[in-house]
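The structure under discussion appears below in the form of structure tokens.
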Amino acid sequence: MTGANISYPTVSDDRRAAVRRKLAGFGRHCEVGIGVRHEVAAGLADDGRAVTATDVVEREPPEGVEFVRDDIVAAAERAAGGSGGDRSDLDDALGDHYRVDCVYALNCPPELHRPLVRVAAAVDAACCFTTLGGDPPAVDATPLALPGGDTLHVARDPEGVLLG
């Protein structure tokens with residue numbers, strides 16, 4: 001068979017829309033490591049959800065999305081350091097941008113899985129992520145195959161929103 005004779009199914013542009021629909025059950029979100037692909041954060045904001053995005057470098061967020069420059073690894077270290085004090089000390093150490101219902105990351109490399117979960121656990125938020133393709137999750141997580149081909153790995157779901 002030559003290339004002209006091969007029929008491929010249409011590639012779904014719904015990959016990130018499926019992630020967005022799954023996250024729509026939460027009112028407040030923090031996307032960690034937003035980078036330059038804003039589809040999910042922008043869509044959630046368009047749907048009336050509160051979204052804060054973080055990254056280690058300054059980014060221009062889409063309309064309706066707040067941006068805070070922060071490093072999830074440093075935030076996880078702050079969370080670990082704040083665990084001996086009271087709740088307000090921990091909240092102050094982490095910052096308002098993590099006081100959300102769900103902390104998530106897209107195309108998250110394995111070295112950031114543990115810090116992501118640690119921060120989400122510190123604020124008792126749900127936590128999920130997609131990986132960089134072939135990378136397995138570096139934390140205990142339940143994989144959810146979504147329409148369009150993405151797999152959302154759910155590491156925390158205290159209210160059963162994602163897995164319920």
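For the sequence shown, full-length UniProt numbering assigns the number 1 to the initial residue and increments by one for each residue that follows.
In this text, a Cβ means the ideal position worked out from N, Cα and C, and glycines have one as well.
Every value quoted in this text rests on a predicted model; they were computed, and no experiment measured them.
Asked	Found
Collapsed DSSP secondary structure at D157 in the structure displayed	coil
Cβ-Cβ separation, F67 to R78 (assumed contact under 8 Å), whole Å	The Cβ separation is near 19 Å, so there is no contact.
Buried or exposed by the 16-neighbour rule on C-beta atoms within 10 Å, applied to L132	exposed
Bridge partner(s) assigned by DSSP for F26	F26 is not bridged to any residue.
Proximal residues to G33 (C-beta, below 6 Å), its chain only, five neighbours per side dropped	D55 and A105
Neighbour-count burial assignment, G149, 16 or more Cβ in a 10 Å radius	exposed
Buried versus exposed call for G81 [16 or more other C-beta atoms within 10 Å across all chains shown]	exposed
Rounded separation between V36 and P61 - CA only	8 Å
Which listed residue (R49, H97 and L23) has its alpha carbon closest to that of D71	H97
Proximity below 8 Å, CB of D28 to CB of D101	Reading the sequence as shown, one finds Arg at residue 28 and not Asp. Cβ atoms of R28 and D101: closer than 8 Å.
Whole-Å CB distance - V154 paired with L163, under 8 Å assumed	6 Å
Where L152 sits in the DSSP three-state scheme	strand
Opposing strand residues paired with residue 242 [DSSP bridges]	Absent from the model: residue 242. The displayed extent of the chain is 1 to 164, so no value can be given.
Classification of S83 by the beta-carbon crowding that lies within 10 angstroms, buried from 16 upward	Note on S83: pLDDT 47, under 50, position unreliable in the model; the coordinate value appears next. With fewer than 16 other Cβ atoms within 10 Å, it is exposed.
Residue closest to G95, alpha-carbon to alpha-carbon, out of V19, A53, A17 and P136	A53
C-beta atoms of V73 and H113 nearer than 8 Å	no
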